[in-house]
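Chains R and Z, in that order, are what the protein sequence lines are. Counting from 1, one number per residue, gives the positions in the first sequence under the UniProt record's numbering. Counting from 1, one number per residue, gives the positions in the second sequence under the UniProt record's numbering. In this text, a Cβ means the ideal position worked out from N, Cα and C, and glycines have one as well.
Protein chains: 2
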Amino acid sequence: MLEFAILGLLHEAPMHGYELRKRLFDMLGTLRAFSYGSLYPTLRRLLKAGLIVEDDPSEPDDERAARTWGKRGKRVYKLSAEGKERFAEMLADVGPQAYDDEGFGVHMAFFSRTPAEIRMRILEGRRRRVEERREGLRSSVARAGEQIDRYTRELHRLGLEHSEREVRWLNELIATEQREQKERQDGVE
Amino acid sequence: MLEFAILGLLHEAPMHGYELRKRLFDMLGTLRAFSYGSLYPTLRRLLKAGLIVEDDPSEPDDERAARTWGKRGKRVYKLSAEGKERFAEMLADVGPQAYDDEGFGVHMAFFSRTPAEIRMRILEGRRRRVEERREGLRSSVARAGEQIDRYTRELHRLGLEHSEREVRWLNELIATEQREQKERQDGVE
DNA sequence: GGTCACTATATCGCGCCGATACATCAGAGA
DNA sequence: TCTCTGATGTATCGGCGCGATATAGTGACC
């Protein structure tokens, strides 16, 4: 997931670790924080795999100000051709991880770079997933009184409300996507 | 967190791994699944630490039916004195992990075994945490139009709604707790 | 007799977190 | 001028938990 996010973000511009982390935080908020303890090792891994390369180009005087540093701070990374390719593959490969809480959020944050058809698949897969959760919680909450711990039931009540709300939210998004797709088609014809 | 959950569950009765996992799933639902890949190693660790002991007592003919097995399946664990102590310590030690999404859910699932005072601390800490998130998302959503990616904003909108709803839910819980505490005091006096 | 779903234990690799350490730099305030 | 704080920046370590996978006994249905 972090790999996906890094590759996605580097499409915008070359960046160093700290910046990546901030951008990520802005996009995902508390949904997914990604600590430095995973960020830097992942960067290393991507570097070794050749998916990103160090952008070290002895200063093209272009925004020189940022890197006043002393002896080698700031390591700026940019996407390699292989990295671009890999990101495209990951976009196309819509697995179950794209439907769970964290994976879905990360995927959605990159929807602007995601083909409409794949956006649709993810949105609908997510909806199915949340509907299942909702049904489970529904029956748990309905199976009232008897046996279930009171606090557990409260927990399930909140979960149920969240699920219901998210399904509605997804329905709106899906409707919007469909409307826009139709407009695109009408525009072409 | 898993350690906490296992120790908490074993207060009810001795159990084997599979059963622990099912009970856990029933309590936390999709909030926190805990796979076998973490459950069994954790059980081992707790065993080695002496917090749980194997309950191997050559059949007290008490529910014999369940263990028809052949050659040693089913390893039943029960709490040791140290385990009980440890759980009590973990209950009393309310750190930031008790306020985040997953930790809070697990703690709340064991509220029936948690002193009222600590329940209060956790509830209020969680509320503070969620309010912070809410404020962050609020300003992000309000800072409309300009610059922010459309899908990212949708993500933040949903997050905001969830935060608002959870704060309300927490307020109710806290109010209930306070009411009950008052009743307890009145009853005593 | 087959096969299906459930019960049950276990391991492996690896992604990610939290804590921690260590630097530089900008601005505020004494 | 000095110092302190807070943001910027890179990095490592131990350990938790996940997903995939292997193995196997049990009960029920057809």
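Using only CA atoms, which one of Z:F4, Z:Q178, Z:K48, Z:R119 lies nearest to Z:E85?
To locate residue 85 of chain Z, count along the second sequence from 1; it is residue 85. Nearest in C-alpha terms to Z:E85, of all of Z:F4, Z:Q178, Z:K48, Z:R119, is Z:F4.
Beta-ladder partner(s) of R:I52, from DSSP:
As a working mapping, residue 52 of chain R is identified with position 52 in the first sequence. Paired residue(s): R:L79.
Please confirm whether Z:L155 has its beta-carbon closer than 7 angstroms to some beta-carbon of chain R.
Residue 155 of chain Z sits at position 155 when you count from the first residue of the second sequence. Cβ-Cβ to chain R under 7 angstroms: yes for Z:L155.
Chain-order list of residues whose beta-carbon lies under 8 angstroms from that of Z:S80 (same chain, five-residue window excluded)
On the second sequence, position 80 is the one that residue 80 of chain Z refers to. The beta carbon of Z:S80 lies closer than 8 angstroms to those of G50, L51, I52, V53 in the same chain, with the five residues before and after it left out.
For the alpha helix (DSSP H) that Z:D101 lies in, which residues bound it at each end?
Here the question's residue 101 of chain Z lines up with position 101 in the second sequence. Residues 101-109.
Decide if Z:A98 is buried, meaning its Cβ has at least 16 other Cβ atoms within 10 Å, or exposed.
Along the second sequence, read from residue 1 onward, the residue named residue 98 of chain Z stands at position 98. Around the beta carbon of Z:A98, a 10 Å sphere encloses 16 or more other beta carbons of the protein chains shown; the residue is thus reported as buried.
Contact set for Z:A109: own chain, Cβ-Cβ below 8 angstroms, skip 5 residues either direction
Within the second sequence, numbered from 1, the residue matching residue 109 of chain Z stands at position 109. A5, G8, M27, L28, listed in sequence order.
Just the Cα atoms here: how many angstroms apart are R:E180 and R:L170?
What you label residue 180 of chain R is simply residue 180 of the first sequence in a count that begins at 1. What you label residue 170 of chain R is simply residue 170 of the first sequence in a count that begins at 1. Rounded to the nearest angstrom, the two C-alpha atoms are 15 angstroms apart.
Using the rule of at least 16 other Cβ atoms within 10 Å of the residue's Cβ for burial, across every protein chain shown, is R:S38 buried or exposed?
In the first sequence, the residue the question calls residue 38 of chain R occupies position 38. R:S38 is classed as exposed because its beta carbon has fewer than 16 other beta carbons within 10 Å across all chains shown.
Cutting at 8 angstroms between CB atoms, please list the residues of its own chain near R:D100, excluding the five before and the five after it.
Taking the first residue of the first sequence as position 1, residue 100 of chain R is located at position 100. Closer than 8 angstroms at Cβ, skipping near neighbours: R129.
Residue range of the unbroken alpha helix (DSSP H) whose run includes Z:I118
Position 118 of the second sequence, counted from the start, is the residue given in the question as residue 118 of chain Z. Note, Z:I118: alpha helix (DSSP H), 116-142.
My output table needs one value for Z:M27: the three-state DSSP class, helix, strand or coil.
By one-based count along the second sequence, residue 27 of chain Z stands at place 27. When secondary structure is reduced to three states using DSSP, Z:M27 falls in the helix class.
Using a beta-carbon distance below 7 angstroms, is Z:E19 in contact with chain R?
Looking up residue 19 of chain Z in the second sequence gives position 19. By this cut-off, Z:E19 is not an interface position.
With a Cβ-Cβ cutoff of 7 angstroms, do R:H156 and R:S140 count as a contact?
The residue given as residue 156 of chain R occupies position 156 in the first sequence. The residue given as residue 140 of chain R occupies position 140 in the first sequence. For the pair R:H156 and R:S140, the CB atoms are nearer than the 7 angstroms cut-off.
Indicate whether at least one CB of chain Z lies closer than 7 angstroms to the CB of residue 191 of chain R.
This structure cannot settle anything about residue 191 of chain R, because the visible part of chain R is limited to 1 through 189.
Return the chain-ordered list of same chain residues with a C-beta closer than 7 angstroms to the C-beta of Z:E183, the five sequence neighbours on each side being excluded.
Here residue 183 of chain Z corresponds to residue number 183 of the second sequence, with the count starting at 1. In its own chain, leaving out the 5 sequence neighbours on each side, no residue places its CB closer than 7 angstroms to the CB of Z:E183.
Under 8 angstroms by Cβ, that's how I've got R:L160 and R:R134 pegged, so tell me the actual separation to the nearest angstrom.
Residue 160 of chain R sits at position 160 when you count from the first residue of the first sequence. Residue 134 of chain R sits at position 134 when you count from the first residue of the first sequence. So it is a contact: roughly 6 angstroms between Cβ atoms.
So is Z:A66 buried or exposed if we call it buried at 16+ other beta carbons inside 10 Å?
For this step, residue 66 of chain Z is matched to residue 66 along the second sequence. Because the pLDDT of Z:A66 is 38, which lies under 50, any placement of that residue in the model is unreliable, and the number read from its coordinates should be weighed accordingly. Flag for Z:A66 reads exposed.
When you compare the CB of Z:A109 with every CB in chain R, is at least one pair closer than 7 angstroms?
Here residue 109 of chain Z refers to the residue found at position 109 of the second sequence. Judged by the 7 angstroms Cβ criterion, Z:A109 is in contact with chain R.
Compare the C-beta of Z:R138 against all C-beta atoms of chain R and say whether one is closer than 7 angstroms.
Mapped onto the second sequence, residue 138 of chain Z falls at position 138. No, Z:R138 lies away from the interface with chain R (no Cβ there is under 7 angstroms from its Cβ).
Give, in chain order, every residue of the segment 110-137 of chain R whose Cβ lies closer than 7 angstroms to some Cβ of chain Z.
For chain Z, the residues of the segment 110-137 of chain R that bring a beta carbon within less than 7 angstroms of one of its beta carbons are F111, S112, R133, G136, L137, in chain order.
When the Cα of Z:Q147 is compared with those of R:R23, R:E146, R:L137, R:L31, which residue comes out closest?
On the second sequence, position 147 is the one that residue 147 of chain Z refers to. Ranking the options by Cα distance to Z:Q147, first place goes to R:R23.
Proximity test, Cβ basis, 7 angstroms: Z:M27 and chain R
Here residue 27 of chain Z refers to the residue found at position 27 when the second sequence is read from its first residue. It does: the Cβ of Z:M27 has a partner Cβ on chain R nearer than 7 angstroms.
List, in chain order, every chain Z residue whose beta-carbon is nearer than 7 angstroms to that of R:E166.
Working through the first sequence from its first residue, we reach residue 166 of chain R at position 166. Within 7 angstroms Cβ-Cβ: L158.
Determine the direct distance from the alpha carbon of R:E19 to that of R:L173, and round the result to whole angstroms.
Stepping through the first sequence from its first residue, residue 173 of chain R is reached at position 173. Stepping through the first sequence from its first residue, residue 19 of chain R is reached at position 19. Their Cα atoms are separated by approximately 30 angstroms.
By the three-class DSSP mapping on this structure, what secondary structure does Z:M15 have?
Here residue 15 of chain Z refers to the residue found at position 15 of the second sequence. Here Z:M15 sits in strand by DSSP.
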